[in-house]
Structures are given as structure tokens and as C-alpha cells.
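Chains as they are written, first to last, in UniProt numbering: chain B, 1 to 445; chain F, 1 to 445.
Number of protein chains: 2
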Amino acid sequence: MANRRMIMSAFFFNPQGDHRMSWRHPGAPGKEIFGLDYFRRLAGAAEEAKMDAIFLADHVAIWDSYESNIAHYANTRLEPLTLLSALAAVTSNIGLISTASASYTEPYNLARTFASLDHISGGRSAWNVVTSGMNEEAMNFGRDGNIEHAYRYERAAEFLETAKALWDSIEEEALLFDKRSGFFADPARVHRINHVGKHFKVRGPLNVPRPPQGYPIIVQAGSSEDGKVLAAKHAEINFSLSRSIEEGKKYRADFDARLITNGRTPDSLKILPGILPIVAASASEAEEKRDFLESLTPPRLAVDLVSSWVGKDLSSFPADGPVPELPDEGTFNGQRTNLIRVKAMAAQGMTIRQIASQVAKAGTAPVMAGTPKQIADEMEAWFIEGAADGFNLMFPVLPGDWQDFTRDVAPELQRRGLVQREYAPGTLRDKLGLQRPANMFVSAR
Amino acid sequence: MANRRMIMSAFFFNPQGDHRMSWRHPGAPGKEIFGLDYFRRLAGAAEEAKMDAIFLADHVAIWDSYESNIAHYANTRLEPLTLLSALAAVTSNIGLISTASASYTEPYNLARTFASLDHISGGRSAWNVVTSGMNEEAMNFGRDGNIEHAYRYERAAEFLETAKALWDSIEEEALLFDKRSGFFADPARVHRINHVGKHFKVRGPLNVPRPPQGYPIIVQAGSSEDGKVLAAKHAEINFSLSRSIEEGKKYRADFDARLITNGRTPDSLKILPGILPIVAASASEAEEKRDFLESLTPPRLAVDLVSSWVGKDLSSFPADGPVPELPDEGTFNGQRTNLIRVKAMAAQGMTIRQIASQVAKAGTAPVMAGTPKQIADEMEAWFIEGAADGFNLMFPVLPGDWQDFTRDVAPELQRRGLVQREYAPGTLRDKLGLQRPANMFVSAR
Numbered sequence: 001m002a003n004r005r006m007i008m009s010a011f012f013f014n015p016q017g018d019h020r021m022s023w024r025h026p027g028a029p030g031k032e033i034f035g036l037d038y039f040r041r042l043a044g045a046a047e048e049a050k051m052d053a054i055f056l057a058d059h060v061a062i063w064d065s066y067e068s069n070i071a072h073y074a075n076t077r078l079e080p081l082t083l084l085s086a087l088a089a090v091t092s093n094i095g096l097i098s099t100a101s102a103s104y105t106e107p108y109n110l111a112r113t114f115a116s117l118d119h120i121s122g123g124r125s126a127w128n129v130v131t132s133g134m135n136e137e138a139m140n141f142g143r144d145g146n147i148e149h150a151y152r153y154e155r156a157a158e159f160l161e162t163a164k165a166l167w168d169s170i171e172e173e174a175l176l177f178d179k180r181s182g183f184f185a186d187p188a189r190v191h192r193i194n195h196v197g198k199h200f201k202v203r204g205p206l207n208v209p210r211p212p213q214g215y216p217i218i219v220q221a222g223s224s225e226d227g228k229v230l231a232a233k234h235a236e237i238n239f240s241l242s243r244s245i246e247e248g249k250k251y252r253a254d255f256d257a258r259l260i261t262n263g264r265t266p267d268s269l270k271i272l273p274g275i276l277p278i279v280a281a282s283a284s285e286a287e288e289k290r291d292f293l294e295s296l297t298p299p300r301l302a303v304d305l306v307s308s309w310v311g312k313d314l315s316s317f318p319a320d321g322p323v324p325e326l327p328d329e330g331t332f333n334g335q336r337t338n339l340i341r342v343k344a345m346a347a348q349g350m351t352i353r354q355i356a357s358q359v360a361k362a363g364t365a366p367v368m369a370g371t372p373k374q375i376a377d378e379m380e381a382w383f384i385e386g387a388a389d390g391f392n393l394m395f396p397v398l399p400g401d402w403q404d405f406t407r408d409v410a411p412e413l414q415r416r417g418l419v420q421r422e423y424a425p426g427t428l429r430d431k432l433g434l435q436r437p438a439n440m441f442v443s444a445r
Numbered sequence: 001m002a003n004r005r006m007i008m009s010a011f012f013f014n015p016q017g018d019h020r021m022s023w024r025h026p027g028a029p030g031k032e033i034f035g036l037d038y039f040r041r042l043a044g045a046a047e048e049a050k051m052d053a054i055f056l057a058d059h060v061a062i063w064d065s066y067e068s069n070i071a072h073y074a075n076t077r078l079e080p081l082t083l084l085s086a087l088a089a090v091t092s093n094i095g096l097i098s099t100a101s102a103s104y105t106e107p108y109n110l111a112r113t114f115a116s117l118d119h120i121s122g123g124r125s126a127w128n129v130v131t132s133g134m135n136e137e138a139m140n141f142g143r144d145g146n147i148e149h150a151y152r153y154e155r156a157a158e159f160l161e162t163a164k165a166l167w168d169s170i171e172e173e174a175l176l177f178d179k180r181s182g183f184f185a186d187p188a189r190v191h192r193i194n195h196v197g198k199h200f201k202v203r204g205p206l207n208v209p210r211p212p213q214g215y216p217i218i219v220q221a222g223s224s225e226d227g228k229v230l231a232a233k234h235a236e237i238n239f240s241l242s243r244s245i246e247e248g249k250k251y252r253a254d255f256d257a258r259l260i261t262n263g264r265t266p267d268s269l270k271i272l273p274g275i276l277p278i279v280a281a282s283a284s285e286a287e288e289k290r291d292f293l294e295s296l297t298p299p300r301l302a303v304d305l306v307s308s309w310v311g312k313d314l315s316s317f318p319a320d321g322p323v324p325e326l327p328d329e330g331t332f333n334g335q336r337t338n339l340i341r342v343k344a345m346a347a348q349g350m351t352i353r354q355i356a357s358q359v360a361k362a363g364t365a366p367v368m369a370g371t372p373k374q375i376a377d378e379m380e381a382w383f384i385e386g387a388a389d390g391f392n393l394m395f396p397v398l399p400g401d402w403q404d405f406t407r408d409v410a411p412e413l414q415r416r417g418l419v420q421r422e423y424a425p426g427t428l429r430d431k432l433g434l435q436r437p438a439n440m441f442v443s444a445r
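Here it is as C-alpha cells:
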């Protein structure tokens, strides 16, 4: 425990902030979200505060199942690997975590891109493996609707095995650059992977040398059973959604058991719960900030959001009545965690309107609102109790909440010795205390 | 003609230079080719010389059909879209041309990436559309061997139509950012494309706004009949391989006729022949430089290269004998231009060894070797005669030949008023005099 420190990841999906209607906030940016300078400034502030990573979430579609979505929701954003590649050129230490879909890309292409990002960033890349649960996504890739949940996770597991073999296919010692003899590479250390599986057939070798980190750090964020099985085998960072310290500790204990079953040690997986930090001068100012944010969501958009979560149009049911029967989560092909959340609220007797308001309000991660000291206290408690190895910071409104946090909370955490004051040398793995994976072809010799 | 000027594109495939064995040259870089700094310096030099673009070629495989390939050929490089995204962050004016395969990617993914690159670079992206002609490539994407030539081009044409519809799917005026009313977008100006074709089914809309250039500039490089048909319809830059002014003029005339048939004007397609400039103090020094480069290729690698080009292992035939019967080019699924080139040499009675030596020597583009004045004279003649709208500069050895050219030849061309002395404002389209395409959804109203 002596060297254990809080890992700080600055998360974003909406470039205006994690609150769904953040774009309406007076301090939220406009069209500059499509340019590089906006992100360059955010990344610069994050590096100054010695944050560990920037985490870009992603969907491969616009959310437009219901009529309010296009009108009111800020559906557009830059592709994260493009953006992080650009940010790699103007940052030096911060980790670059990108979401990418294992359902709608090819292992050879994605392995190349991550390997290249790892090289140009000096070993700072991480891949948040997602399986893309939206119908809208499936329809952009030749399908009529979403792929079955278990099938997606099965494909993701095979995708990861294939990508790892590709990353290993040119051994570290393979490239000789021997100008005198004319031997560029040692053919015995360059491998065809000859993968033939249910989902992929890939010969290899990859045409990019092994990444500085061996593999990019593998991140996983789904908390369905299928997601946890994948994470326990492959993930090194888990982005979790726990609503309390108690829940966080249970989640940790569950994963520790799973890791051991997989022959891994608990410290090989860092669990980072998402939190929404709102810095304010007082508790009442924090409350006002929250109330203001909540006022920004059009009621219809909130209902349509719940409809998307449960795969059923709720707008045709009386808003003040109960939720109608919902799909079975065991066979549901969307994001099961969200379905279960709505079902739990319905079971408590909440009406459609109440659930919509609740969902619109808080999202799924706990809000930590208050003075810098109060926020630091709460984060410290989660960390000390073992409910978190660090946090995925989901700033409600950007750039304001990010700036407040880096200016006020980060130094407080540094004073307490909870987070780093300087970057350690080396790759992102080195900085986070994650092992560099052995090369499977070297190990097999 | 008054405003016509030479377009200068700095091309590279091998990061050590376009000569196949450039990596063995004493001045060639080592492992720094996998880092960003090497490319940042090259791009910086190119911008200082006011070059129009950097052009990154690509394959989605290692060339390893024959045993010499891995041993002697510098098969590894960074993925170009990752690298150009990073370079977008550290350059301001230069165009960023990236090769990407229409055979082994998905329209939604690639349209997003190019749209994002266009946004972060302020409208400097261009896509060199290729169809991937190597067996090695096919085998990394689920196939046993290469896809039939015509099928690849048919897919590429449908890919382009789909990508263009995606780029248009969010109209310029669609995003309102109206914080007061809560309308983020005008739903009437955000379009599902509902593409259903032989190769793709894509619903859309894209989740990135229309690129600053409308579409990235479309580049095409194959000179097969299928390639020319595609280029005449879609391309705005053509990377050609002509061995003489005469050939270049014929090529231009052929394309002019094709463009008119497609309802386009000749000036809507810029033709850039590839040339290998070798700057030297004298003609004899230039000759020495060429001889030295030629000495770097192991003879076996040269034979194996020809074997790859013609889809037949020639190493089992007597090197000093004639070339055996070769595949018919009409049904050949590899790069037909290369097959035809070898057939022409065989028809002249050249032996396998002679053809291998010839192929290893010069590549496929003409060498322009000499003093800066001699090179400028030759380029000027091609340009004035109408055989070229500019050039794709394939420097034999990097960074040396690039540095020599930007230091010595570029200023000479500037003095003659043939190339720009300063960058014009605006996007790459603006700078090159290429029209911004109309949005098909706006036009349809």
C-alpha cells in the first residue's frame, strides 16, 4: 500500500461536459468543439494538474431513435483516435485512453492504429474495449438492429486475442537495421499469427513493430456479466459506476475473486469509479449549480432517453403512470446495466415522469458537489476504504468544471499525498504500475 | 493559365525514402522512424519550403510472399491516418494526404476519421483511395487470397458514394447551438442516408459535422482502366507514373476526355506524376549517387519483387533465361500496371536477371538527377508542356534528398514563379484551386 496513489482520469464523451444537456450551459463551448485548440487547452490543463489520463468515450452513431434526440441532444463529436493522435503531438506525459468498438472494426486495422498511437506517444495509449450496444450503431454497419449481447462479447474476446497476437508478431529484437549485411529483420522473430476463429481469420504479421507498452493498456467499462468476464481476463483498468463506498467495495471484492480465478493478482486491475465533481464555494452554491443543470433538460428528451435505455417507447404511456412491462434483461441486447437501473426504479413504484427526471438529473455516476475540501474528503474516503484505485472524472460542464477541479481540488489532493505531484518517467504502464505483458512468441520458445 | 502553378506533394511510403533499399543508406534513419519527431522535422521542412502536401502511401500488410522479403525489405511503418493526425497538430498549412483502403475498411468508420482529420487540421485532409491489390493484404482480412480486381473497384465506387452521403448528412446550417431554446440541431437538416447497395448498408447520419472542405480531397493513384474510371468520376488529384513528357501529355489528354464525359472540367483534376529527384553538384555526382543506391539491393530481393508483381515465383527459373508465361492482365487480380510493365520488358527480350535489376534500380517513376538548375529545368518543361500540374516528389533517401530538394530546388522553382512563395489562406481546396463540393441534400431541395 505504501506506494499506492489515486489514479486520475479525465473523462469525456460530450465535449461540452458529461451532463447530457451541458451544451446549453452559458459556459459551454460552441463550434470550437470541432477544432483542436479546445482540446489542446483541456489536455494542457490536465497535464499541468498531473492527471494520469484523458479518457474519450465514443459511439459509432448518432442517437436518433426518438424525435427529440436530434433536436435537443448534442450528438456530434470528433472521432476519438484521430483526436488523441493529434493530442499525442502536443502533450508529453498524459495517458491517452480511447474507446473503440470490437463489433464494428477489424482487428488488423485497430491493432495497427493503437500500435501507431503507442509509438508516436511514447507508450501512452490505452484501449477502452466496447461492443456497441445501440441499434443506431448496428444500422451503420449493415445490420437492421443490434447484435445479440453474448455474441458481441464473444467477438470482443476473440478480437482481443487476435490483436494481442498481432502486437506480438514482430518481436522486440526482430528489427536489426543492419545496413552492412542488408538484414533489416530476423525472419525467425517475425511471425504470421495464422489466427482462424469463429469471428476472424487473420494471417499477420502486423506491419507496425510491437508497441512500446507491449500492448496498449486494456480498459473495460461495461458492468454486465459478459463485460466482467471479459474484464477479468483482459482488462487492466475498469471504469465502474458505483453509487456508494459500500457498492464500490463489493464491486472490488467481486473482481478480486474473478482475477484470482483467472490467475491474475488484484493489483493488475485498477478500478476507477466515475464521479461527477462540482466544485463550489459552499454546499448551497453546489446545490444551485446542480439545480440549474437539471433545469436544462427538456422533459420529452428525458422520457426518450429512458425509452432508449429499455428498448421500448414510453412516450405513448401516461407520464404519471407506472412503467409498462420491460424486456427481460437476460436476453436484452442493449446496455443491460441501464435496463436493470430503470427496472429497479420501477420496482420502487416510480412513475415514468419520475424515472425520466431521475435519469436526466444525475446520470449514472455519483455527484460529488461541494467545496474543494469536501470533494477531496469524499474521494479520499473512497480511496482509503478500498472502493476505488482512483477516479474517472466526469465533469458535468466543460471547460468550467475541469478548470475548477484542476485549480482547486487537484492541489488539495496533492497536499494530502493522495495523487502524484510529478509524472514518473516511462510509459503509461510504468507510471500506473501496470506490468508490461510478455511477448507470447518469445514465451513460447 | 495566368494563375496556374506547380503543385508540390512530398510523397512517402517507406519512411527511409522511396528507393526500396533506402534504409541501408548511411544517411537513412534507424528506429526513429517509429517516433513522431522524425516526421515532425520532415513536415516542418516541407512547410518551410511551402510544399502543398505530404502524401503517405500505405499497405495493410507486410510483404512476405518470398523468403527474402522479411529479411531485407523495410516492411514496417506507422499507420498513416494516426501519423497525419499527429502532424496536423504541429503544422499549419500543409495538406495531409492519406492512403486508406476501400476494400478493408467500413464507410462509416473511414468517413468519420477523415471528417475528424479535416476538422482538426482546418480543412487540410485528402484521401488517396486504394483497393489493396496484395494477397498479403487479403489474408489479414478473412480471405485466402486477393479479391477480384473489378469487384474491388466496384466496392470502392460504392464506398465513395456512401462516404460522400455521410459527409453531407449533417448540413452546414444544421447545428444551431441555440442554448436559449434548447435546440441543438434542426432535424430537417440532419439526414439518414439509408444507403442500401451491393456492398454496404449504412443508415447514417454521420456523427461528425460536414468537413470544412465538404469532402476531403479525393486522390486516386492506380492507372488501370478500372482505376481511371473511378478517378474520372471522383478524383481531384491523380498520382500518375509517366516516364516522359510525351507519355504525360497523352495521359492528360486521355483524362481530359474522360472528365468531360463525366460532366467535369479538366481543371477539376490535378495530375501529379511521381518523380525521384536526386540533387547533386554535377551530373557525374548524381550518377554516383544512383549507382550507390542500386548497389544496395540484394539480387534475390529484386527477383522476388518481380515475382510479386507478376504473381508467379520466378526464382525457380534460370535467372539468365527468358521470363516464363505470365498471367493475363485482363483477369489479373494484383496491380495490373506492374504486370504490364514486366510484360513489356519481357517482350523486349530481357532476361529475369535484367528485369529484376531494372525494377530494383529505378522503381516506376522517372529519376530527375542533377544540379538544382537541371532538375528545375526538367520539372519546368513537364509543367509548361502540360504533362503535369505538379509533382509527387518521391525522394529516394530520407531525410537527405528531402533536405537537399527543399534547400536547393524549391527556391529555384520559387524564383521562376513556378511554385508558391507563401501559402494562400483557407482550406487545402482553396489553396489548390479545387472547388468545395455542394451538399447533395441541400442541392436536392
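For glycine and all other residues, C-beta sits at the position ideal for the given N, C-alpha and C. This one's a predicted model, so the numbers in the text were calculated from it and none came from an experiment.
| query | result |
| --- | --- |
| Using a Cβ-Cβ cut-off of 8 Å (strictly less than) and excluding sequence neighbours within five positions of ILE245/F, which residues of its own chain qualify? | ALA381, TRP382, GLU385, ALA387 |
| For HIS184/B, count the other beta carbons within 10 Å of its own beta carbon; 16 or more makes it buried, fewer makes it exposed. Which is it? | His is not the amino acid found at residue 184/B; the sequence shown has Phe there. So PHE184/B counts as buried. |
| With three or more beta-carbon pairs closer than 8 Å as the criterion, would you say the region 192–199 of chain B touches the region 213–226 of chain B? | no |
| Could you tell me whether any Cβ in chain B is nearer than 8 Å to the Cβ of PHE183/F? | yes |
| Strictly under 8 Å for the Cβ-Cβ distance: is ALA102/F near chain B by that measure? | no |
| Here's the rule I'm using: 16 or more other beta-carbon atoms within 10 Å means buried, otherwise exposed. How should THR297/F be labelled? | buried |
| Just to check my reading of the structure: PHE391/B and MET379/B have Cβ atoms closer than 8 Å, yes? What is that Cβ distance to the nearest angstrom? | 6 Å |
| What is the rounded straight-line gap between the Cα of THR265/F and the Cα of ASP389/F? | 14 Å |
| Check whether the Cβ of THR427/B lies closer than 8 Å to any Cβ atom in chain F. | no |
| Going by other Cβ atoms of all chains shown within 10 Å of its Cβ, with 16 needed for buried, is THR162/B buried or exposed? | buried |
| What does DSSP give as the partner residues of GLN220/B in its beta bridges? | VAL129/B, ASN238/B |
| Taking a contact to mean a Cβ-Cβ separation below 8 Å, would you say PRO399/B touches ALA356/B in this structure? | no |
| Would you kindly work out how many angstroms separate the C-alpha atoms of GLY214/F and ALA165/F, rounded to a whole number? | 11 Å |
| Return the chain-ordered list of same chain residues with a C-beta closer than 7 Å to the C-beta of SER68/F, the five sequence neighbours on each side being excluded. | PRO298, ARG300, LEU301, ASP304 |
| Buried or exposed: where does GLY349/B fall if 16 or more other Cβ atoms within 10 Å of its Cβ makes it buried? | exposed |
| To the nearest angstrom, how far is the alpha carbon of THR76/F from that of MET134/F? | 16 Å |
| Looking only at its chain, what residues have a beta carbon closer than 6 Å to the beta carbon of ASP313/F, apart from the 5 residues adjacent to it on each side? | SER307 |
| May I have the straight-line CA-CA distance separating MET8/F from ASP52/F, to the nearest angstrom? | 5 Å |
| Among GLY182/F, ARG152/F, PHE13/F, which one has its Cα closest to the Cα of LYS198/F? | ARG152/F |
| Can you tell me whether LEU434/B is buried or exposed, with buried defined as 16 or more other CB within 10 angstroms of its CB? | buried |
| Exposed or buried, what is ILE260/F when buried is set at 16 or more other beta-carbons lying within 10 Å of its beta-carbon? | exposed |
| Go ahead and pull the three-state DSSP assignment for MET21/F. | coil |
| How far does the beta strand (DSSP E) with SER101/B in it extend, from its first residue to its last? | 95–101 |
| Take HIS234/F as the anchor and find which of ILE217/F, ASP404/F, LEU42/F has the nearest alpha-carbon. | ILE217/F |
| Taking only the alpha-carbon atoms, compute the straight-line gap between ASP404/F and PHE39/F and give it to the nearest angstrom. | 16 Å |
| If we define contact as Cβ-Cβ less than 8 Å, is LYS179/B a contact residue for chain F? | yes |
| How would you call ASP401/F, buried or exposed, if buried means at least 16 neighbouring beta carbons within 10 angstroms? | buried |
| Per DSSP, what kind of secondary structure is SER68/B in: helix, strand or coil? | helix |
| Enumerate in chain order the residues of its own chain whose CB-to-CB distance from THR99/B is below 7 Å, with the five nearest sequence positions on each side excluded. | LEU56, ALA57, ASP58, PRO80, ASN128, VAL130 |
| Could you name the residues of chain B that TYR108/F contacts, counting a contact when the two beta carbons are closer than 7 Å? | VAL60, ASN140, PHE141 |
| Over the uninterrupted beta strand (DSSP E) stretch that includes GLY390/F, give me the two end residues. | 390–393 |
| What does ALA74/B reach in chain F if we use C-beta pairs closer than 8 Å? | PHE184 |
| Looking at the structure shown, is HIS59/B part of a helix, part of a strand, or coil, going by DSSP? | coil |
| Determine the burial state of VAL442/F: buried for a count of at least 16 other Cβ atoms within 10 Å of its Cβ, exposed for fewer. | exposed |
| Is there a Cβ from chain B that is less than 8 Å from the Cβ of THR105/F? | yes |
| Mind checking the region 17–30 of chain F against chain A and listing, in chain order, the residues whose C-beta falls within less than 8 Å of any C-beta there? | Of the protein chains in the structure, B and F, none is chain A. |
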